[in-house]
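Notes for the one structure printed next.
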Amino acid sequence: MSDRPLMVALDFAGRDEVNNFLQLFDNEQLYVKVGMELFYSSGPGLIDKIKGRGHRIFLDLKLHDIPNTVNKAMKALARLDVDMVNVHAAGGSVMMKAAIEGLEEGTKAGKKRPSCIAVTQLTSTTEDLMQQELLIHKTIDETVVHYAQNAEAAALDGVVCSPLEVPLIRKACNTTFITVTPGIRLAGDAKGDQHRVTTPRKARELGSSAIVVGRSITAADDPVNAYKKIIAEWSGELETTNS
Ligand code: C5P
């Protein structure tokens with residue numbers, strides 16, 4: 090990824106809300122994230138509509154299944170011409186390699202395959218859950234770094250992680266390995282259900298490759314203004330002292 094995008098999480102229930110939101114951004118080329126709720130409720134046709142408006146798409150479906158199934162599913166997703174997809178690193182190296190092969194098979198000749206990143210540990214996973222329920226007797230940081238290294242070895246393009254985990258991943262992986270980081274809030278914004286939040290400026294300082302922002306933009310009184318404010322801080326144009 091040559092640029093460092095701000096990805097807007099389109100966490101809406103259906104097409105009408107998406108259309109109303111995107112109409113506000115007719116003069117901007119956005120990079121949007123479409124998650125399970127929207128994709129399952131609206132279907133692949135919505136992807137065409139969003140592409141038709143000129144926006145880039147991270148299709149956040151977090152695939153995790155046997156390698157053959159993930160391979161076939163990725164082949165189908167590549168045909169949607171999205172820019173980024175993802176899998177759970179917990180599915181293992183063979184599954185991650187199968188995902189990349191599926192994407193390559195499904196990408197039209199002459200086109201670049203979608204980037205593929207891995208979820209390491211969900212931010213909802215606690216060390217207690219990992220150790221008591223999943224019987225993984227390591228720290229969260231150890232598993233995040235290990236999963237990131239597995240993803241890199243399987244030729245994935247990067248991981249989704251907390252900005253606070255970026256320095257660890259930067260140390261353990263190649264400089265071209267990307268880190269896509271949610272949990273972003275402007276100073277003073279409501280945290281919602283996110284526990285560990287970081288400002289756009291702090292995410293930039295920590296070395297995130299891309300930030301994912303939902304409610305700070307989608308629930309703002311003036312979403313375009315909020316988007317511009319976050320872009321300015323993320324790109325370093327607007328230096329603030331309150332991170
Ligand atoms: O509204 P908010 O900015 O908290 O939205 C963040 C987005 O990033 C949501 O779509 C959420 O599902 C997603 N996400 C996350 N934490 C992860 C992975 C994805 O918040 N670890």
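Numbering (the working numbering), first residue to last: 90 to 332. For each residue, glycine too, the CB sits at the ideal point set by N, CA and C.
- Following the DSSP letters along the chain, one finds residue 142 in no beta strand (DSSP E), marked with neither H nor E.
- Ranking 115, 213, 124 by CA distance to the CA of residue 96 puts 124 first.
- Shortest Cα-Cα distance from residue 230 to any of 215, 196, 242 involves 215.
- DSSP places residue 317 inside the alpha helix (DSSP H), whose first and last residues are 312–324.
- Within the chosen limit of 7 Å, the ligand C5P reaches the beta carbon of residue 303 through at least one heavy atom.
- Following the DSSP letters along the chain, one finds residue 124 in no alpha helix (DSSP H) but inside the beta strand (DSSP E) bounded by residues 120–124.
- Judged by their CB atoms, residue 121 and residue 150 are not nearer to each other than the 8 Å cut-off.
- 8 Å or more divides the Cβ of residue 180 from the Cβ of residue 160.
- Residue 172 counts as buried, since at least 16 other C-beta atoms from the protein chains shown sit within 10 angstroms of its C-beta.
- 254 is the residue among 207, 254, 311, 283 whose C-alpha sits nearest the C-alpha of residue 295.
- Counting along the chain, the unbroken beta strand (DSSP E) around residue 302 starts and ends at 299–302.
- If one requires a minimum length of 4 residues, the alpha helix (DSSP H) runs lying completely within the segment 190–269 are 229–242, 255–261, in chain order.
- Counting only residues of its own chain and dropping the five nearest sequence neighbours on each side, residue 293 has a CB closer than 7 Å to the CB of 323, 325.
- Listed as beta-bridge partners of residue 147 by DSSP are 122, 173.
- The bridge partners DSSP lists for residue 287 are 273.
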